[in-house]
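Residue numbers (UniProt numbering), protein chains in the order written: chain P, 1 to 834; chain W, 1 to 227.
And the structure:
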């Protein structure tokens with residue numbers, strides 16, 4: 001017996017596809033796939049390119065794309081590996097040194113850089129303290145640039161000579177901005193920048209010196225990734241690699257959240273695709289039951305019939321997905337065009353991956369959601385040609401839903417690479433669907449009883465829904481999922497923007513004042529109150545070094561190159577405070593109020609440092625403070641928002657325990673732009689005070705957040721548009737029977753107003769139910785996402801109560817528009833078309 | 001006497017129902033030679049279509065055996081029976097069963113394309129000419145009248161040059177004039193091609209034109225006319 005060869009089956013599938021396409025049979029499925037793939041590709045490209053742009057900005061905070069940091073010099077082969085890969089290289093060596101002049105000495109943080117530094121961003125400097133800034137350049141051999149603090153402390157002026165170790169350097173400019181300074185933002189010693197060629201002559205770097213070495217790298221992402229891969233296994237224990245994400249907490253957090261949001265948005269697009277494909281593939285299959293039975297009569301085997309339709313779907317899918325990917329690619333250009341004012345002129349290209357991922361997404365969604373109805377086609381009994389009531393043998397329900405869920409899960413995981421996010425969405429979605437679907441079925445049973453007494457339009461409209469409660473529940477769930485995806489993306493957008501706004505309010509402090517002497521404290525605070533609306537309190541600062549924990553020397557307790565290690569190797573800024581600083585939250589213990597007086601003074605420690613040092617409540621810490629030793633007992637642990645531009649501290653002592661020691665004061669404040677003169681005045685009035693401008697850093701951070709915000713807004717619009725398109729496409733696929741029924745009713749003499757009312761009742765109720773499901777589901781899924789993924793506090797969203805109304809309006813009008821053919825065309829034509 | 005093309009022995013079909021087993025067809029035997037024609041008549045629910053389905057291998061009997069073109073259908077699985085249908089069987093249905101998305105020509109081409117014939121288009125065109133639809137090749141089923149649709153279905157049935165043609169109420173949906181025209185066409189093609197014809201019908205005149213006829217009532221054979 002002969003079998004149909006694959007090539008002939010393929011040719012047949014091709015011809016059938018062309019014929020079906022010509023007859024308009026594939027429009028709905030094609031359109032659903034097109035929209036879904038276009039949306040997820042556009043979001044993919046947009047996200048990838050925007051991420052690239054944001055990373056490019058964020059790399060400024062490192063001064064490079066990638067940094068190899070270590071407490072000893074990188075080995076020659078570690079450097080050669082990078083240059084061999086074609087990466088640009090710069091070297092930075094940092095150490096502390098006392099700068100001596102005739103006027104006095106000042107501990108400074110010296111940074112020796114080569115001529116290539118910085119690889120990202122630019123240095124800024126001024127000819128005089130507080131004079132106008134200029135970008136670019138760097139100190140040449142024999143020169144040094146220093147922050148205005150040093151000029152003030154040592155009464156220096158530009159042109160003077162300072163001694164760094166054994167080398168004399170001439171001060172040529174005032175350093176006002178280093179792109180990579182944020183890591184040492186809270187260091188209290190002024191910066192001196194010198195050329196690396198002078199380093200050997202200083203004689204400072206000796207074996208055992210405490211020095212930080214950084215190799216800066218810049219290049220294309222592939223070469224960087226290769227460098228990272230090659231180097232990672234060969235890193236010394238005292239070395240680590242950092243990129244923009246590791247380098248800066250503010251940027252890292254914002255980028256991380258934005259990335260997860262973009263991922264979530266593309267997951268929403270995939271969910272929309274899934275729903276659309278599921279609805280239209282079910283229609284594709286049910287409209288082919290007769291054809292499949294006939295083909296089986298004509299002698300096609302079950303496998304061949306299945307193969308024929310699978311090939312048809314695959315061809316359709318590839319075509320729709322490719323065109324969709326192309327449209328998505330074009331659409332993201334549109335998005336970037338709209339955003340052109342906000343983004344850097346040159347954006348990294350997105351490569352081909354987002355397009356391929358978009359196509360793959362569409363195909364997997366097609367496979368997962370279309371295979372179950374397709375499998376039904378293979379099981380249509382050929383006897384159906386004689387008896388039309390014969391339907392395909394129902395497959396196991398687990399198989400149907402298992403296939404779809406597996407497909408959805410795979411896509412989600414592939415897109416987000418985040419199992420937690422995938423499980424939160426999928427698990428939440430399934431739980432919501434099961435729970436709400438069950439409730440809906442119950443509600444429809446109740447409705448059925450009520451319906452007997454309802455008026456004709458309601459009976460006509462709802463009869464259709466209630467006759468097939470399972471199908472109706474399925475449709476309500478499908479539309480509910482679409483609404484859920486859309487509202488979830490809208491909801492998270494608001495939440496993220498709020499968080500970012502709060503993180504950097506418009507009047508976030510843009511200046512720090514250091515070294516305020518106790519004698520000047522009150523006068524300075526009073527002057528500040530005149531200049532700035534809400535200055536932060538003045539915090540006392542006393543440098544102190546941690547010596548022992550419970551009597552054990554700390555050096556022996558901490559592992560090398562951890563946060564704890566870095567903390568015990570330098571002076572910490574100790575302070576005392578009556579109240580818990582705003583933005584700090586206690587994670588363990590109690591604030592001073594509940595503490596007994598007498599005994600050891602209380603101490604509050606920042607949570608992460610406490611972890612790194614292995615501290616717990618009740619531990620006794622001994623500090624060396626200006627030659628005196630003081631002991632304190634850990635009474636609380638605090639979470640600190642390091643990114644709020646307020647003075648923040650690792651260690652806060654109970655008031656009254658350090659007051660006898662010499663302290664200076666620190667604060668931060670907001671000065672509206674254009675007040676440079678007031679600042680100069682302040683500097684003149686309090687010459688000992690060091691004023692640090694962080695406006696540039698803030699502006700940089702704000703511009704990155706603005707980009708992220710714009711991205712989030714546009715992605716939201718895109719998801720909403722895709723959702724609406726899918727809603728209409730999905731509805732189209734359920735209308736056949738309704739159009740026929742409408743025509744029949746008109747043939748029986750029903751007037752158009754009656755039919756319109758019936759349709760409104762039916763679709764309005766369907767949309768309303770979908771809205772209720774979406775509102776409940778959205779709360780459930782958002783609660784999971786907030787807790788597991790975004791790390792945001794969850795609270796109920798009353799505006800979701802509008803969803804049933806929105807759903808009723810949307811689905812209601814879409815349904816009435818979709819079935820207008822039944823109202824307008826001749827009933828005879830509609831009925832004859834079957 | 002030449003070999004049988006279609007033979008049924010002690011065919012029964014029983015389906016379970018709420019009231020116990022329901023006998024749809026009871027102990028029926030028949031034997032047809034190549035080129036023969038047979039009508040199956042009876043009232044609605046008498047088991048006519050069930051018998052047709054069993055003879056064509058669309059369904060399996062509860063007991064008894066069908067041999068079609070030398071193949072014992074009971075011994076074959078569904079895919080093997082499909083192959084027997086592909087090789088030997090054609091169908092004409094009361095509801096025409098044309099594919100809506102295909103034009104008249106494409107509907108007729110379908111079985112030829114399944115067979116992989118290169119001249120499918122020419123042969124289909126020729127067949128549609130023979131049934132008088134040479135001018136309606138590109139029309140879709142919904143653009144054709146009932147009689148025209150049935151003529152397309154007949155052209156499709158004969159396209160694969162079947163040994164046996166099964167027709168289920170071929171004139172059932174047509175007016176008497178068109179019905180007469182369709183039955184003329186069926187018998188003419190039957191004779192020209194030497195095809196064996198098995199048809200289920202209510203139409204006594206159509207039944208009269210067959211060499212043989214059997215009458216069913218409640219699944220039982222109640223009358224048999226032999227030549």
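Yeah, the Cβ is synthetic: ideal placement off N, Cα and C, and Gly gets one too. These figures come from a predicted structure and were not determined experimentally.
Taking only three categories from DSSP, how would you classify residue i?
i: residue 49/W; result: helix
i: residue 78/P; result: helix
i: residue 97/P; result: strand
i: residue 323/P; result: helix
i: residue 468/P; result: coil
i: residue 738/P; result: helix
i: residue 429/P; result: helix
i: residue 616/P; result: coil
i: residue 182/P; result: For residue 182/P, the predicted structure reports a pLDDT of 47, less than 50, and the residue's modelled location is therefore unreliable. A value from the coordinates is still provided. Reduced to three states, the DSSP call for residue 182/P is helix.
i: residue 43/W; result: coil
i: residue 301/P; result: coil
i: residue 13/W; result: strand
i: residue 685/P; result: helix
i: residue 656/P; result: coil
i: residue 650/P; result: coil
i: residue 90/P; result: strand
i: residue 550/P; result: coil
i: residue 28/P; result: helix
i: residue 214/W; result: strand
i: residue 69/W; result: coil
Chain W partners of residue i, CB-CB under 7 angstroms?
i: residue 382/P; result: 58
i: residue 736/P; result: Those within 7 angstroms of residue 736/P in chain W number zero; the least Cβ separation is about 12 angstroms.
i: residue 8/P; result: 116
Under DSSP, the alpha helix (DSSP H) around residue i begins and ends at which residues?
i: residue 107/W; result: 104 to 114
i: residue 670/P; result: Residue 670/P -> no alpha helix (DSSP H), and no H or E assigned at all.
i: residue 578/P; result: Element bounds for residue 578/P: n/a, residue is neither H nor E.
i: residue 8/P; result: 6 to 22
i: residue 813/P; result: 803 to 818
i: residue 353/P; result: 353 to 378
i: residue 81/W; result: 78 to 88
In chain order, what residues of the same chain lie with their CB nearer than 8 angstroms to the CB of residue i, ignoring the 5 residues before and after it?
i: residue 646/P; result: 509, 536, 581, 582, 583 and 668
i: residue 142/W; result: 100
i: residue 83/P; result: 89
For residue i, which residues in chain W fall below 8 angstroms Cβ to Cβ?
i: residue 302/P; result: 78, 79 and 82
i: residue 12/P; result: 113 and 114
Chain W partners of residue i, CB-CB under 9 angstroms?
i: residue 379/P; result: Under the 9 angstroms cutoff, chain W gives no residues; its nearest Cβ is about 10 angstroms from residue 379/P.
Counting only Cβ pairs nearer than 8 angstroms, list the residues of chain P close to residue i.
i: residue 86/W; result: 298, 299 and 300
Give me, in chain order, the residues of the same chain whose beta-carbon lies closer than 7 angstroms to that of residue i; leave out the 5 immediate sequence neighbours on both sides.
i: residue 488/P; result: 268, 778, 781 and 782
i: residue 15/P; result: none
i: residue 517/P; result: 664 and 688
i: residue 109/W; result: 120, 121 and 124
Along the chain, where does the beta strand (DSSP E) that runs through residue i open and close?
i: residue 27/W; result: 20 to 32
i: residue 111/P; result: 104 to 113
Can you give me the Cβ contacts of residue i inside the same chain, cut-off strictly under 6 angstroms, excluding the 5 residues immediately before and after it?
i: residue 574/P; result: 542, 544 and 651
i: residue 73/P; result: 213
i: residue 821/P; result: 739
i: residue 290/P; result: none
Chain P partners of residue i, CB-CB under 7 angstroms?
i: residue 168/W; result: 386
i: residue 97/W; result: 290, 294 and 385
i: residue 91/W; result: 297 and 385
i: residue 53/W; result: 383 and 386
**Study point:** Length-filtered (3 minimum) beta strand (DSSP E) runs lying within the region 458 to 544 of chain P
**Key:** Within the region 458 to 544 of chain P, the complete beta strand (DSSP E) runs of at least 3 residues fall at 511 to 516.
Check your understanding: Fully enclosed by the region 109 to 196 of chain W, which beta strand (DSSP E) runs are 3 residues long or longer?
Key -> Qualifying beta strand (DSSP E) stretches, in chain order: 164 to 168.
Practice item. Jot down the residue ranges of each uninterrupted beta strand (DSSP E) in the region 142 to 166 of chain P, minimum 3 residues, whole runs only, in chain order. Key: Here the runs fully enclosed are 143 to 146 and 161 to 164.
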